[in-house]
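Student:
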Amino acid sequence: MTRYLRIRRTLIVATLFVGVAGAASTVQANAATAAFPNVVVPAPVSETANGATFTLTSSATVSSDVPDVGAYLAGILRASTGYPVPVTSSSGTIALSLSGAPASVGTQGYQLTITGTNVTVQANQPAGLFAGVQTLLQLLPPAIESPTVTAGPWTAPGGTIVDYPRFAHRGAMLDVARHFFTVAQVERYLDEIALYKIDYFHLHLSDDQGWRLVINSWPNLATYGGSTEVGGGAGGYYTQADYTAIVNYASARYITVIPEIDMPGHTNAALASYAQLNCTGVAPKLYTGTKVGFSSLCVPLDLTYTFIDQVVGEIAALTPGPYIHIGGDEASSTTASDYAYFINRAQQIVAAHGKTVIGWHDIANATLLPSTVAQFWDTTTSNAPLASAAANGTKVVMSPANHAYLDMKYNRHTKLGQTWAGLVDVNTAYGWNPGAYLSGVGESSVAGVEAPLWTETIVTSADIDYMAFPRLPAIAELGWSPWSTHDVTAFDARLGAQGPRWKVMGVNYYHSTQITWPSGS
Ligand code: IFG
43 MTRYLRIRRT LIVATLFVGV AGAASTVQAN AATAAFPNVV VPAPVSETAN GATFTLTSSA
103 TVSSDVPDVG AYLAGILRAS TGYPVPVTSS SGTIALSLSG APASVGTQGY QLTITGTNVT
163 VQANQPAGLF AGVQTLLQLL PPAIESPTVT AGPWTAPGGT IVDYPRFAHR GAMLDVARHF
223 FTVAQVERYL DEIALYKIDY FHLHLSDDQG WRLVINSWPN LATYGGSTEV GGGAGGYYTQ
283 ADYTAIVNYA SARYITVIPE IDMPGHTNAA LASYAQLNCT GVAPKLYTGT KVGFSSLCVP
343 LDLTYTFIDQ VVGEIAALTP GPYIHIGGDE ASSTTASDYA YFINRAQQIV AAHGKTVIGW
403 HDIANATLLP STVAQFWDTT TSNAPLASAA ANGTKVVMSP ANHAYLDMKY NRHTKLGQTW
463 AGLVDVNTAY GWNPGAYLSG VGESSVAGVE APLWTETIVT SADIDYMAFP RLPAIAELGW
523 SPWSTHDVTA FDARLGAQGP RWKVMGVNYY HSTQITWPSG S
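The working numbering puts the first residue of the sequence shown at 43, with every later residue one more than the last.
1) For residue 153, which three-state DSSP category applies?
2) In terms of alpha-carbon separation, which member of 253, 248, 280 lies closest to residue 227?
3) Under the three-state reduction of DSSP, which class applies to residue 11: helix, strand or coil?
4) Identify the residues that DSSP records as bridge partners of residue 450: which are they?
5) Where residue 237 and residue 317 are concerned, what is the direct C-alpha to C-alpha distance, given to the nearest angstrom?
6) Mind the definition here: the stretch 254-270 touches the stretch 193-208 only if three or more C-beta pairs lie below 8 angstroms; say whether that holds.
7) Hey, is residue 253 close to the ligand IFG, as in C-beta under 7 angstroms from one of its heavy atoms?
8) Between the alpha carbons of residue 435 and residue 248, how many angstroms are there, rounded?
9) Given that a residue counts as buried once 16 or more other Cβ atoms are within 10 Å of its Cβ, and exposed if not, what is residue 438?
10) Should residue 529 be labelled buried (16 or more other beta-carbon atoms within 10 Å of its own) or exposed?
11) Measure the CB-CB distance between residue 243 and residue 297 and report whether it falls below 8 angstroms.
12) Do residue 427 and residue 406 have their C-beta atoms closer together than 8 angstroms?
13) Leaving aside the five residues before and after residue 73 along the sequence, list all residues of the same chain whose C-beta is less than 7 angstroms from its C-beta, in chain order.
14) List the endpoints of the continuous alpha helix (DSSP H) containing residue 139.
15) Which residues does DSSP pair with residue 417 in a beta bridge?
16) In three-state DSSP terms, what is residue 557?
17) Can you check which of these residues, 509, 526, 468, is closest to residue 555 by C-alpha distance?
18) Could you check where the alpha helix (DSSP H) with residue 164 kicks off and where it finishes?
19) Can you tell me which of 210, 540, 385, 96 puts its alpha carbon nearest to the alpha carbon of residue 557?
20) Expressed to the nearest angstrom, what Euclidean distance is found between the alpha-carbon atoms of residue 246 and residue 401?
21) So the candidates are 101, 141, 151; which of them puts its Cα closest to the Cα of residue 127?
22) Looking only at C-alpha atoms, which of 520, 332, 377, 98 sits nearest to residue 159?
23) Compare the C-alpha of residue 447 against each of 515, 179, 410 and name the closest.
24) So the beta strand (DSSP E) residue 92 belongs to, where does it begin and stop?
25) Please go through the same chain and pick out, in chain order, the residues whose beta-carbon is closer than 8 angstroms to the beta-carbon of residue 210, but skip the five residues on each side of it.
26) In the DSSP assignment, find the unbroken beta strand (DSSP E) run with residue 489 in it and report its ends.
27) Measure the beta-carbon distance from residue 504 to residue 550 and round it to whole angstroms, keeping in mind my assumption that it falls under 8 angstroms.
28) Mapping DSSP to helix, strand and coil, what is residue 387?
29) Within a Cβ cutoff of 7 angstroms, which residues of the same chain sit near residue 49, ignoring the five residues on either side of it in sequence?
30) According to DSSP, is residue 372 helix, strand or coil?
31) Between 142, 500, 181, 175, which has its C-alpha nearest residue 166's C-alpha?
32) Within the same chain, show all residues whose beta-carbon is closer than 6 angstroms to that of residue 252, passing over the 5 residues directly before and after it, in chain order.
33) On the DSSP bridge assignment, give the partners of residue 199 in chain order.
34) Assign residue 427 to one of three DSSP states: helix, strand, or coil.
35) Exposed or buried, which one is residue 545 when buried takes at least 16 other CB atoms within 10 Å?
36) Do you know whose CA, among 176, 95, 163, lies nearest residue 196's CA?
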């Protein structure tokens with residue numbers, strides 16, 4: 043069990059209530075009004091320092107209107123400080139409250155107030171409390187994230203932060219089809235993305251090289267279609283209980299899972315699992331290479347739509363979130379007319395199961411349902427079918443590969459990753475405006491952003507860490523922070539301050555030469 047895994051917080055259900063919450067925190071009002079340190083990622087909307095310094099002491103308590111968020115925070119504080127940090131029913135030293143927040147913070151934002159003696163996080167919804175807790179942790183010393191007891195002092199600068207997201211959709215994607223990752227590895231990544239107020243987790247569950255989720259009505263998909271991976275390894279798959287565990291772990295961190303079944307292309311694993319799904323009636327072999335565009339479901343075949351209906355039906359029943367991702371990318375082996383027909387039918391099937399479709403922007407070549415969301419992934423800054431769909435009300439999740447694809451190499455020396463979309467170091471990941479990037483797709487058409495991590499070359503959790511950090515926080519900031527705070531110099535400084543936190547957490551991040559990393563981090 044690596045050091046990092048120990049900090050993978052399981053929410054503490056049984057919490058200890060004590061009657062009297064007292065905080066013997068030391069009050070150190072600094073003479074001059076200190077400014078907030080430039081450390082929080084994503085950058086908050088507003089910060090006002092009050093010159094006080096809060097110190098967490100062994101008598102500190104946490105109270106929370108949402109017990110699980112209180113338990114999450116107390117778990118982190120206990121692990122690193124060694125303090126008991128009981129969770130009380132009210133008026134904790136650190137109080138997480140669902141009342142008193144300004145309406146401006148909406149459903150995902152919060153107000154954080156730190157005085158010399160107390161901390162208050164106020165929000166309108168539980169997700170806002172969770173977001174405020176992430177900001178509070180970033181204002182405490184990096185060692186607060188330590189999985190083992192370490193020395194303080196545990197101080198935080200006094201002041202008030204009012205904060206809320208620019209875009210409601212801030213996602214991270216993990217491709218578990220090219221290489222399979224266990225539930226524990228996925229949960230580790232969920233812990234990491236939760237630190238940066240990510241609220242959607244896109245799980246790429248099927249592709250040419252693997253099918254990764256049990257579908258009871260089509261059992262060969264997992265047992266045969268999931269039996270290998272890129273390079274010929276053992277592959278693997280999630281039982282439906284595994285998938286539910288991932289969904290619940292994400293949900294406890296206010297992250298909604300978006301399952302993807304890629305279609306009609308990227309379907310070799312499914313076609314290899316059932317000969318009757320193939321137009322020829324002959325199943326292809328399992329594929330362990332990294333080519334794309336060579337497979338297609340059989341569009342004229344009625345069984346294809348029974349297959350999709352049953353697959354989508356089982357997945358929808360396991361997915362509390364609103365979206366099913368139908369892929370739609372790189373269907374080079376499907377004719378344009380078949381593709382449009384197929385996407386139109388697939389959307390109807392998903393809608394019949396009460397879910398909203400999201401798909402790679404290629405689906406704009408079909409007729410999109412009003413609620414269907416398109417995910418942009420190309421390296422251009424214009425796309426005519428997508429612009430006309432946006433003009434008709436289609437919302438877009440922005441994932442331009444030359445900025446947001448975490449499987450791109452940082453530079454030509456990077457061992458892992460690919461280069462087809464270019465070399466992407468952290469300032470390239472940060473250097474774009476999602477609300478003004480694609481011609482004809484303005485701010486009001488943009489649902490948000492997502493950082494995909496494709497895994498043709500990614501095998502271990504350390505590989506995931508290396509490619510995601512420090513670039514994922516850049517995409518997270520583009521999704522959360524106001525454009526008015528966009529400043530690469532200030533961002534690079536704040537990102538540098540994250541290094542010691544990742545070091546303590548055992549996150550294997552890339553020490554980009556574009557960032558000044560504190561010594562020892
Ligand atoms: N494009 C393919 C992915 C993956 C990627 C690797 C999309 C939508 C290249 N499709 O990105 O399957 O192979 O960078």
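Yeah, the Cβ is synthetic: ideal placement off N, Cα and C, and Gly gets one too.
Tutor: From the atom records:
1) strand
2) 280
3) The structure shown does not extend to residue 11, since the chain is modelled only from 43 to 563, so the question has no answer here.
4) 460
5) 44 angstroms
6) no
7) no
8) 29 angstroms
9) buried
10) exposed
11) yes
12) yes
13) Legend: pLDDT at residue 73 = 44, less than 50; position of this residue unreliable, value from coordinates given subsequently. Contacts found: none.
14) Note, residue 139: premise wrong, no alpha helix (DSSP H); beta strand (DSSP E) at 136-139.
15) 402, 439
16) coil
17) 468
18) Run containing residue 164: none in the alpha helix (DSSP H); it sits in the beta strand (DSSP E), 161-164.
19) 540
20) 12 angstroms
21) 101
22) 98
23) 515
24) 88-98
25) 150, 241, 489, 490
26) 488-495
27) 4 angstroms
28) helix
29) Here the model assigns residue 49 a pLDDT of 49, short of 50, so the residue's position is not dependable and the matter cannot be decided.
30) coil
31) 142
32) 219, 268, 271, 277, 311
33) 95
34) helix
35) buried
36) 95
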